[in-house]
Amino acid sequence: MKSLKKQRRIQVIALAAVALVIATGMIGYAMRDGINFFRSPSEVIAEPPQPTETFRIGGLVEEGTLERGQGETIRFVVTDGGASVQVTFRGVLPDLFGEGQGMVGTGRLVDGVFEASEILAKHDETYMPKEVVDALKEQGVYQEPES
Amino acid sequence: MIAELGHFALLLAACVALVQAVVPMVGAHKGWAGWMAMAAPAATAQLLLTAFSFSALTYAFVVSDFSLKLVVENSHSLKPMLYKVTGVWGNHEGSMLLWVLILTLYGALAAWFGGNLPPSLKARVLGVQSAVTLAFMAFIIFTSNPFLRLAVPPLDGQDLNPLLQDPGLAFHPPFLYLGYVGLSLTFSFAVAALIEGRVDAAWGGWVRPWTLAAWVFLTIGIALGSWWAYYELGWGGYWFWDPVENASFMPWLLAAALLHSAIVVEKRESLKSWTILLAILAFGFSLIGAFIVRSGVLTSVHAFANDPERGVFILMITAAFMGGALTLFAARAGAMQAKGVFGLVSRESALVANNILLAVSCFVVFVGTIWPLIAEMLFDRKLSVGPPFFDAAFTPFMVVLAVILPLGALMPWKRAKLDRVARQLLLPVIATFLIAALVWTFQTERSILAPIGIALGVWLIAGSKIDLWSRTGRGDLRSRLRRLWNLPRADWGKTIAHIGLGVTFIGISALTAWQSEDIRVAQVGETFDVGGYDVTLADVRREPGPNYDSIMAEMVVTRNGRPVAVLFPEKRNYPVAQMPTTEAAIDNGIFRDLYLVIGDPQAQGGWAVRTYIKPFANWIWAGAIIMSLGGFVSLSDRRFRVAAGAGRDAAPKGDASPVAAE
């Protein structure tokens, strides 16, 4: 009986090992088109990626460049201070999206224009009315929000 | 004053926790009954003190005490009462206090209902639980004190994030924490068993209901969060494979695995050391989840306000408990001798397969979640892992799991015959094939995902029903129906939960494959066609709300001239938080949701309008509800109540499938 138990244990361990190997293989396979590199506008300008590559771009929405309400496509320019990239987006902008705000977009660079398929802006609590921020600063308890 | 009392109560609770973490452990080691017995009253005292502290914070929110920094930052005097209360946990500090409250709640429950646990095991369980609680109390007291005062209080607060002012999200954290933290109790049981050096059927019987409860709450919590994302974020996404979502999904997967392996321990006294390891890891992933959410090391759309210092603290808690427990495991696991042997084809084997698949899929999610961190540390590359990764690497495991689930559920313990199981499953196979063929003919040259996913869902549902029916034995229909009614609740729960999984499968596949989307500029009065529905933008007007202003559209939906629905999508603006939100209008249906969103006003007149048709969307959450219902039914089983009381006696007759083996 003992040997049967042992045999079962070896089988279970072997099965688990096989499953792990398959999982690792699948992870490696899925990584090929499942990961998106993050590039800042400066990097994109310096070294434009292929139009086939999906990547993420992030920065601030440049003041005075956001065109919404001109048809279904929204246009704006994303900047990191050093360089700027034109972005187009057809879809739902996050509620907190606006000029001077941080954004991250996923998409491709086609003819020098970033065609975003998804736009993220945080929906966390780093927003704060100015007056209260000042009040808190006077108290010395205001902490700069991270990121 | 009340806030200071709350703070003081929390400090007192931490002192009690310290005593409870040490004295019963020493008592259990030395065999001193008095020292062991102090654990139960101490657990009750901890709960009462923490509850008082939590009530004090809630009171400050309810009366809008703006001398508290936390209330200023997360509340406003005009906010509706419901959200004043839920605002208590809508922020980092308050939610940690809720976390600790639930930790002490589970500790107290274990003390109250663990009457028939062997005294030394009970003392150790409560001691370990208290050590976990103490670590989190220290975390609150040293890094996230919710009771901080402001020297000069402002006249009014800054309001809670409007996106969080929503019933779906208001109750999402408590359920999620009941789940996360419920796993702390199974962790305590596992560590206590390792210290005792003994795991038996009774141990499995004690651990299972707690795991089940934690899993049910986790299911509800995750479903609420995903439902909220669906209707609140304005484009009908329900799952983004975001790190914060994965943080809740990984413990869910492991809790599901633990749930099943604890059955093997209880019924067959096998897989003991594996079950212990799972119990440790499941809580480990809860802690890792807390780390991911609170530290902000991974970019997430749903992050709390982040603070690296807090992240380090949680990482230290995680490292201490995981390191300690795993070391103990390495030293003691050899002592866990399995009793039952089982054949290659048996329910035990099927449950082993279930466990391997769930654990490995959890591993896949884990790698995908932390890969950005690894890539940044090792290769200095900033990247993100997107849904395509998880679709490719995670889904296949779920497909295999769904294929073997009905087979495994039908197999008897110890040894099964494949052909008998196969004969029983003939009907579900035919049903699966027919419906898949039907689906295939309906949709031409589109994704193959939907037929496969729906076939799997049907297979799960039909297989579970056959499983339950097969337990009624032979004889005429009436006696079988009577026996069906009298089957143990645990069997009903199992069937219901598996059906729920099938329903969710169908919902996800159909929605992924068949949803249609339309984005356009519409003038007021204009009618347009989306997927067979005629949508008219009838009117757009301003409406004031209690603490917001709204731009509300009136949209009339008809199909072939017959009215279907009148919907009112909104754009709201919360002046205090200076934050706009999009409120989609959804016409819920069994087979499809109509999902309307009003966008920006256009320079040339008209409005941007988005229309989505989302087939079978509600099935995703209906499935989750059915799953948790199954869990509750199973929890109400007499056997668990007996097991909680008498434990050992209940285990042998616990094998609820004498007929199925025939």
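Keeping their order, the protein sequence lines are chains A and B.
Residue numbering for the first sequence follows the UniProt record's numbering, beginning at 1 and increasing consecutively.
Residue numbering for the second sequence follows the UniProt record's numbering, beginning at 1 and increasing consecutively.
Glycine included, C-beta positions come from ideal geometry on N, C-alpha and C.
Element boundaries [beta strand (DSSP E), containing residue i]
| i | result |
| --- | --- |
| L117 (chain B) | Here L117 (chain B) belongs to no beta strand (DSSP E), and DSSP marks it neither H nor E. |
| E517 (chain B) | 516-522 |
| S84 (chain A) | 84-90 |
| S226 (chain B) | No beta strand (DSSP E) holds S226 (chain B); the alpha helix (DSSP H) holding it covers 201-232. |
| L150 (chain B) | Note, L150 (chain B): premise wrong, no beta strand (DSSP E); not H, not E. |
| T581 (chain B) | 579-583 |
| N573 (chain B) | 570-574 |
| L41 (chain B) | The sequence shown places Pro at residue 41 (chain B), not Leu. Counting along the chain, P41 (chain B) falls outside any beta strand (DSSP E), though it belongs to the alpha helix (DSSP H) covering 39-62. |
C-alpha gap between residue i and residue j, whole angstroms
| i | j | result |
| --- | --- | --- |
| A335 (chain B) | S273 (chain B) | 9 Å |
| F249 (chain B) | D476 (chain B) | 44 Å |
| L4 (chain A) | G340 (chain B) | 11 Å |
| L126 (chain B) | M627 (chain B) | 30 Å |
| I466 (chain B) | R572 (chain B) | 50 Å |
| I613 (chain B) | D529 (chain B) | 12 Å |
| G34 (chain A) | R592 (chain B) | 30 Å |
| C15 (chain B) | A108 (chain B) | 16 Å |
| S106 (chain A) | I276 (chain B) | A small fix is needed here, since residue 106 (chain A) is Thr in this sequence, not Ser. C-alpha separation (whole angstroms): 42 Å. |
| D491 (chain B) | T472 (chain B) | 11 Å |
| I13 (chain A) | A19 (chain A) | 10 Å |
| V100 (chain B) | A16 (chain A) | 36 Å |
| R423 (chain B) | R347 (chain B) | 17 Å |
| A393 (chain B) | W241 (chain B) | 12 Å |
| L281 (chain B) | S188 (chain B) | 12 Å |
| L49 (chain B) | W210 (chain B) | 23 Å |
| S509 (chain B) | I452 (chain B) | 8 Å |
| A45 (chain B) | S55 (chain B) | 15 Å |
| F37 (chain A) | G204 (chain B) | 46 Å |
| S75 (chain B) | G87 (chain B) | 7 Å |
| P580 (chain B) | P601 (chain B) | 14 Å |
| G58 (chain A) | V78 (chain A) | 7 Å |
| Q143 (chain A) | K69 (chain B) | With a pLDDT of only 49 at Q143 (chain A), under the threshold of 50, the placement of this residue in the model should not be trusted, and no figure is reported. |
Bounding residues of the alpha helix (DSSP H) (the contiguous stretch that carries residue i)
| i | result |
| --- | --- |
| Q20 (chain B) | 2-30 |
| R268 (chain B) | 243-268 |
| P41 (chain A) | 41-46 |
| L339 (chain B) | A small fix is needed here, since residue 339 (chain B) is Lys in this sequence, not Leu. Looking at the DSSP string, K339 (chain B) is not in any alpha helix (DSSP H), and its letter there is neither H nor E. |
| R198 (chain B) | Counting along the chain, R198 (chain B) falls outside any alpha helix (DSSP H), and DSSP gives it neither H nor E. |
| K272 (chain B) | 272-295 |
| K79 (chain B) | Run containing K79 (chain B): none; DSSP gives neither H nor E here. |
Closer than 8 Å at the beta carbon, the chain B residues around residue i
| i | result |
| --- | --- |
| V95 (chain A) | It is worth fixing the name first, because residue 95 (chain A) is Asp in this sequence and not Val. Correct list: L163, G234, M579, P580, T581, T582. |
| V87 (chain A) | Neighbours of V87 (chain A) on chain B: none; closest Cβ ~16 Å, over 8 Å. |
Beta-carbon neighbours of residue i, restricted to chain A and to distances below 9 Å
| i | result |
| --- | --- |
| A338 (chain B) | K5, R8, R9 |
| V265 (chain B) | What V265 (chain B) touches in chain A: nothing, since even the nearest Cβ is about 15 Å away. |
| V597 (chain B) | V92 |
| F528 (chain B) | The contacting residues do not exist; F528 (chain B) stays about 13 Å from chain A at best. |
Beta-carbon neighbours of residue i, restricted to chain B and to distances below 7 Å
| i | result |
| --- | --- |
| I33 (chain A) | This sequence places Asp at residue 33 (chain A); Ile is not what is there. What D33 (chain A) touches in chain B: P388. |
| R108 (chain A) | Simply none; closest approach about 13 Å. |
| V12 (chain A) | V352 |
Chain-ordered neighbours of residue i on chain A, where CB pairs are closer than 7 Å
| i | result |
| --- | --- |
| F313 (chain B) | Residues of chain A passing the Cβ test: none, with the nearest at roughly 16 Å. |
| A111 (chain B) | Per Cβ cutoff of 7 Å: no residues; A111 (chain B) is ~36 Å from chain A at best. |
| V524 (chain B) | Under the 7 Å cutoff, chain A gives no residues; its nearest Cβ is about 15 Å from V524 (chain B). |
| R520 (chain B) | E72 |
| D608 (chain B) | According to the sequence as given, residue 608 (chain B) is Ala; it is not Asp. Those within 7 Å of A608 (chain B) in chain A are E72. |
| V360 (chain B) | A19, L20, A23 |
7 Å Cβ cut-off: residues of chain E touching residue i
| i | result |
| --- | --- |
| A16 (chain A) | This model lacks chain E altogether; the protein chains it does include are A and B. |
Beta-carbon neighbours of residue i, restricted to chain B and to distances below 9 Å
| i | result |
| --- | --- |
| R90 (chain A) | I519 |
| I38 (chain A) | Looking at the sequence provided, one finds Phe at residue 38 (chain A) rather than Ile. Within 9 Å Cβ-Cβ: T299, P372, R381, K382, L383, S384. |
Contact list for residue i against chain A, beta-carbon separation under 8 Å
| i | result |
| --- | --- |
| A290 (chain B) | The premise fails here: A290 (chain B) is roughly 17 Å from chain A at the closest Cβ pair, so nothing lies under 8 Å. |
| F363 (chain B) | L20, A23 |
Self-check item: Entirely enclosed beta strand (DSSP E) segments - the region 486-556 of chain B, minimum 3 residues
Solution: Runs of the beta strand (DSSP E) inside the region 486-556 of chain B: 516-522, 527-530, 533-544.
Quiz prompt | Positions along the region 63-81 of chain A whose CB lies within less than 7 Å of some CB in chain B | solution = Shown in chain order are the members of the region 63-81 of chain A whose Cβ falls below 7 Å from a Cβ of chain B: R68, G69, Q70, G71, E72.
Quiz item: Given a limit of 9 Å on CB to CB distance, which residues of the region 369-392 of chain B reach chain A?
Solution: Answer set for the region 369-392 of chain B: W371, P372, A375, R381, K382, L383, S384, V385, G386, P387, P388, F389, F390, D391, A392.
Exercise. Report the residue ranges of all alpha helix (DSSP H) runs contained in full by the region 422-482 of chain B; include only those spanning at least 4 residues, in chain order.
Key: Segments of the alpha helix (DSSP H) lying fully in the region 422-482 of chain B: 426-442, 449-470.
Self-check item: 3-residue-minimum beta strand (DSSP E) runs that sit fully inside the region 358-419 of chain B, ordered along the chain
Solution: DSSP runs (the beta strand (DSSP E)) wholly in the region 358-419 of chain B: 383-385.
Quiz prompt | Chain-ordered residues of the region 18-31 of chain A with a beta carbon less than 7 Å from chain B | solution = Flagged, chain order: A19, L20, A23, M26, I27, Y29, A30, M31.
Exercise. Determine which residues of the region 391-409 of chain B have a Cβ less than 9 Å from any Cβ of chain A, and write them out in chain order.
Key: For the region 391-409 of chain B, which is checked against every Cβ of chain A, the residues closer than 9 Å are D391, A392, A393, F394, P396, F397.
Self-check item: Interface residues of the region 44-57 of chain A facing chain B [CB-CB below 7 Å]
Solution: Those residues of the region 44-57 of chain A that come within reach of chain B (Cβ to Cβ, closer than 7 Å) are R56.
Self-check item: Selection of the region 205-239 of chain B by Cβ proximity to chain A, strictly under 7 Å
Solution: The residues in question are G234, W235.
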